[in-house]
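Numbering (UniProt numbering), first residue to last: 1 to 140. Below is one structure; the comments refer to it alone.
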């Protein structure tokens, strides 16, 4: 597995990012990256929720993106705050839908909404970033 890129931020916030192929198998790589970042930061208590959230965000991006790659970011804007983001090349914002009783679809963003402290979408000139924030420790 390639090593994730680490980049310095003007704010001093640590972060990891990785460009992944726009394919379903990228969810496993994204889960590993989130788990590694959280372990390095001593936020293991957020690992299970973070892994579920990134799986849903990557799955949505793979389903709706218009290019061959997506970008995963894992930032730590606070001591016990983590923001997981997935960037794709579609400008269509995600929408929470009622789950279909018969099918498997429609549950992803509802799950993100339950697990994350907050989540949202940032429109970019070339696409969008869908992000979810988790808080651990005293900030939970």
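All residues carry an ideal CB built from backbone N, CA and C; glycine is no exception.
Residue span of the alpha helix (DSSP H) that contains residue i, given as start and end
| i | result |
| --- | --- |
| residue 90 | Neither: residue 90 is in no alpha helix (DSSP H) and is coded neither H nor E. |
| residue 50 | 47-64 |
CB contact flag (residue i, residue j, <9 Å)
| i | j | result |
| --- | --- | --- |
| residue 76 | residue 120 | no |
| residue 59 | residue 31 | no |
| residue 22 | residue 53 | no |
| residue 96 | residue 43 | no |
| residue 115 | residue 49 | yes |
| residue 57 | residue 20 | no |
| residue 88 | residue 61 | yes |
| residue 74 | residue 34 | yes |
| residue 135 | residue 78 | yes |
| residue 66 | residue 137 | no |
Simplified DSSP state of residue i, which is helix, strand or coil
| i | result |
| --- | --- |
| residue 81 | strand |
| residue 9 | Interpretation of residue 9 is limited by its pLDDT of 43, a score under 50 that renders its predicted location unreliable; no figure is taken from the coordinates. |
| residue 118 | strand |
| residue 123 | strand |
| residue 35 | helix |
| residue 43 | coil |
Residue i - partner residues in DSSP beta bridges
| i | result |
| --- | --- |
| residue 23 | The partner list for residue 23 (beta bridge, DSSP) is empty, contrary to what the question assumes. |
| residue 70 | 20 |
| residue 15 | 75 |
Residue range of the unbroken beta strand (DSSP E) whose run includes residue i
| i | result |
| --- | --- |
| residue 96 | Where residue 96 is concerned, there is no enclosing beta strand (DSSP E), given that its DSSP letter is neither H nor E. |
| residue 134 | 127-135 |
is_contact[residue i, chain B] using C-beta, thresh 9 Å
| i | result |
| --- | --- |
| residue 70 | Absent here is chain B; the protein component of the structure consists of one chain. |
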